[in-house]
Amino acid sequence: MSIFFSSKSYNVCVDSSTQTQESIDSAIKRLTNAEVDFIINDNGSVLVNEKDMDKAVMCCS
């Protein structure tokens, strides 16, 4: 699923409906440390800027 904010496109990286809060918090920390552009939606899922998806996969795998 892609979500558009202004000129950026974001894809779900960590889905809050299938992950624990501990997993979400860990992903946020790793993405922040890797300087990946992400947002957290109203449901608590972590969405990563499409241009940074490869970087996100590398840091969170």
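Residue numbers (my numbering): 4 to 64.
Yeah, the Cβ is synthetic: ideal placement off N, Cα and C, and Gly gets one too.
As the structure is a computational prediction, the values presented were derived from the model and not from experiment.
- Comparing alpha carbon positions, the residue from C62, N44 and M61 closest to Y13 is N44.
- Beta-bridge annotation (DSSP): I31 is not paired with any residue.
- Between D18 and S48, the gap from beta carbon to beta carbon is short of 8 Å.
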